[in-house]
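Protein chains: 2
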Amino acid sequence: MEIKEEITKRASKITEIVQEYLPKEENFQKTVLEAMNYSILAGGKRIRPMLMKATFDLFGGKSSAIKPFMAAIEMIHTYSLVHDDLPAMDNDEYRRGKKTTHAQFGEAMGILAGDALLNYAFETATLAFEEEPTNSNIGKALRVLAVKAGVFGMVGGQVVDVESEKKPDEKVSREKLDFIYRLKTGALIEASMMIGAILADASDEEVTKIENVASKIGLAFQIQDDVLDVVSSFEELGKPIGSDEKNNKPTYVTFEGIDKSKEDVLKLTNEAIELLHGFDKEDKFLEQLFMYLVYRKN
Amino acid sequence: MEIKEEITKRASKITEIVQEYLPKEENFQKTVLEAMNYSILAGGKRIRPMLMKATFDLFGGKSSAIKPFMAAIEMIHTYSLVHDDLPAMDNDEYRRGKKTTHAQFGEAMGILAGDALLNYAFETATLAFEEEPTNSNIGKALRVLAVKAGVFGMVGGQVVDVESEKKPDEKVSREKLDFIYRLKTGALIEASMMIGAILADASDEEVTKIENVASKIGLAFQIQDDVLDVVSSFEELGKPIGSDEKNNKPTYVTFEGIDKSKEDVLKLTNEAIELLHGFDKEDKFLEQLFMYLVYRKN
């Protein structure tokens, strides 16, 4: 099967899994339940749960805990988008061609739906204990989820990004840009792959190596995003080209130039795949997924 | 020792415990770390961790997991206040005589500090696994924390409360008022006491009984709040009397009248204490704490 087809198939399967865990839209708090489901079903490539499952499979995982964690990581990713879009933050009315949550349900409901989704991620992940109450990997996975999503992970990156945008006259240093990239997007990619490995009972040493792989591939994705913003045509990318430059937003390309940026995407991806080969596993899907994600056109 | 003195002593001790878990205010995301610490150290009676610890003691608990969970429940309570105060929600500039988090740090930072605190509660609670990786009570306690804080708990109550306030012309039914009381405040009181019992290795049956006790006492607190709003002098309560009525907000007193409301506080508290006696324990602090909290003057 073509890799693209395989990825599409897996993304639909993940959406089904996420849907299994979504709340019924009933009772007095119906509106927020609708807003939660609306946000999570508004689209998305399901990259994080896909990476989690692919890593889990790489290590031959068998635990049923993987499903609630796949749903949980997508819920956390979704809540972060819902809050990012709020008027006090990026103030976006549309995402993926659909109204953002607060544009559709009002600002108060946007805040509360985000809170509810973040919390619901932990509600969902802790369901794993009901089937395997003595599986200590679940506790380890939960801790990774919480730390990587929080103030020393994704939220921390988001804070620095927001603060930088609110002070456009202060030049963002290269060090600060690296910090934002590592935390805002990188941390959740790391969590995805680490949790996949942990739930498959990988050793601590293997989990640390997987964190390193994820960190490299997370950075490669983001540099590729910056490259695409400069070189893509509007049709390919679906958003105005050069939008980062127009927003006066410094990117990896601003610091390193387009050629060096492309080289670094290649270098980071090769390093990540090299590290994967070190595990000496037969499953090649994760490697193909990396190549596909990094060399996508939009 | 006088009960009031004992409670004050315990509250200070809890603040110290919470402080042990608070993040250092350093690195690029310093602002949000400051905002988190500002919010949680702005005051508060620490009732939830106090109830948790008192229930834990009642069942003779010994696990070190109690400390991170005490800190976690206070973080969740605090995040809910930070988000409640936001301009799109209650739009409050002051709380307990201090500027609210968004008034002090800006609206974006108010949203992000709330997100960070909610997430940090789970980061803190999952620390318990590091000392006791195979203690399955920790998983049970985490699940209770997540469920009671979420859309079928506190957030659910908050949503319905906010929606009712935005539609002041639609009369709130008695059924809806009960729903708000049960979830918005009740759920976290239930979580506090249930987690105390779970971590002390109480049986499932005992945990269910404790949930019932907490539910009664949580409702008694809230009715007493409504009573105080009507009967207290400004000096005693520290806020304008009759503020609920002025805000056209229906309360328990609106439905039941002042005398029946007072009777119900007494009835619920007696029932809760009766149920406690059923456990046949020597420790009387929890019972005294109930009496103190219910018959407080402010």
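Chains as they are written, first to last, in numbering that gives the first Met the number 0: chain A, 0 to 297; chain B, 0 to 297. Built from N, CA and C at the ideal position, the CB exists for glycine as well.
Residue i burial status per 10 Å Cβ neighbour count (16 or more: buried)
i        : result
B:ILE257 : exposed
A:SER11  : exposed
B:GLY43  : buried
A:LEU78  : The residue asked about is misnamed: residue 78 of chain A is Tyr in this sequence, not Leu. Per the 10 Å Cβ criterion, buried.
A:THR99  : buried
B:LYS139 : buried
B:GLY60  : buried
A:GLU73  : buried
A:ARG95  : exposed
B:THR207 : exposed
B:ARG173 : exposed
A:THR7   : exposed
Own chain, CB closer than 7 Å to residue i, minus 5 neighbours either side, in chain order
i        : result
B:LYS183 : MET153, GLY156, GLN157, ASP160
B:MET88  : HIS82, VAL161
B:GLU286 : ILE272, LEU275
A:ILE222 : TYR251, SER260, ASP263, VAL264
B:GLU92  : LYS98, THR99, ALA102
Chain-ordered chain B contacts of residue i [CB-CB under 8 Å]
i        : result
A:ASN118 : LEU117, ALA145, ALA148, GLY149, VAL150, VAL154
A:PHE68  : Per Cβ cutoff of 8 Å: no residues; A:PHE68 is ~14 Å from chain B at best.
A:LYS175 : PHE27
A:PRO167 : What A:PRO167 touches in chain B: nothing, since even the nearest Cβ is about 15 Å away.
A:PRO48  : In chain order: nothing, as chain B lies at least about 19 Å away.
Rounded C-alpha distance that separates residue i from residue j
i        : j        : result
B:ILE75  : B:ILE110 : 14 Å
A:GLU205 : A:ALA196 : 8 Å
B:GLU19  : A:SER135 : 25 Å
A:ALA53  : A:VAL146 : 22 Å
A:LYS170 : B:GLU129 : 41 Å
B:ARG295 : B:SER231 : 11 Å
B:LYS23  : B:VAL17  : 13 Å
A:ILE13  : B:ARG9   : 48 Å
B:ILE216 : B:LEU267 : 7 Å
A:ARG142 : A:TYR119 : 16 Å
B:LEU126 : B:ALA186 : 23 Å
A:LEU288 : A:ASP279 : 17 Å
B:ILE39  : B:LYS97  : 12 Å
B:GLU33  : B:ALA107 : 14 Å
B:GLU164 : B:ASP228 : 18 Å
B:TYR180 : B:ASN211 : 15 Å
A:LEU218 : A:LEU50  : 15 Å
A:PHE121 : B:ILE209 : 23 Å
B:LEU80  : B:ILE46  : 14 Å
A:PHE220 : B:PHE27  : 23 Å
B:ASN269 : B:LEU144 : 27 Å
Contacts that residue i makes with chain B (C-beta to C-beta distance below 9 Å)
i       : result
A:MET35 : VAL150
A:MET74 : Ordered by position in chain B, no residue passes the 9 Å Cβ test against A:MET74, which lies about 11 Å from the chain.
Cβ neighbours of residue i in the same chain (closer than 6 Å, five flanking residues each side left out)
i        : result
B:LEU85  : HIS101, GLY109
A:MET35  : ALA112, ALA115, LEU116
B:THR123 : TYR20, PRO67, ALA70, ALA71
A:PHE284 : ALA53
B:ALA213 : ILE188, GLU189, MET192
A:ASP225 : THR250, TYR251, VAL252
A:PHE104 : ALA34
B:PRO48  : ILE13, MET69, ILE72, GLU73
Partners in chain A for residue i, counting only beta-carbon separations shorter than 7 Å
i        : result
B:VAL158 : GLN28, THR30, VAL31, LEU111
B:LEU85  : ILE110
B:ASP114 : HIS82, LEU117, VAL154
B:GLU162 : THR30
B:MET51  : Those within 7 Å of B:MET51 in chain A number zero; the least Cβ separation is about 18 Å.
B:MET193 : Here the premise fails: no neighbours, minimum Cβ distance about 14 Å.
Interface residues of chain A facing residue i [CB-CB closer than 8 Å]
i        : result
B:LEU141 : PHE121, THR125, PHE128, LEU141
B:GLY138 : THR125, PHE128, PRO132, ILE137, GLY138
B:VAL206 : Neighbours of B:VAL206 on chain A: none; closest Cβ ~15 Å, over 8 Å.
B:PRO22  : VAL150, PHE151
B:MET290 : Those do not exist, as B:MET290 stays about 32 Å from chain A at its closest Cβ, beyond 8 Å.
Contacting residues, own chain, Cβ-Cβ under 8 Å from residue i (five flanking each side not counted)
i        : result
B:LYS3   : TYR291
A:GLU131 : SER62, SER63, ALA64, ILE137
A:THR133 : none
B:GLY149 : GLY155
A:ASN90  : ASP84
A:GLU255 : ASP263
Counterpart residues of residue i in DSSP-defined beta bridges
i       : result
A:LYS98 : A:TYR93
Proximity test, Cβ basis, 9 Å: residue i and chain C
i        : result
A:ALA107 : Absent from the structure is chain C; the protein chains it does hold are A and B.
Proximal residues of chain A, C-beta to C-beta of residue i below 9 Å
i        : result
B:PHE178 : ASN26, PHE27, GLN28
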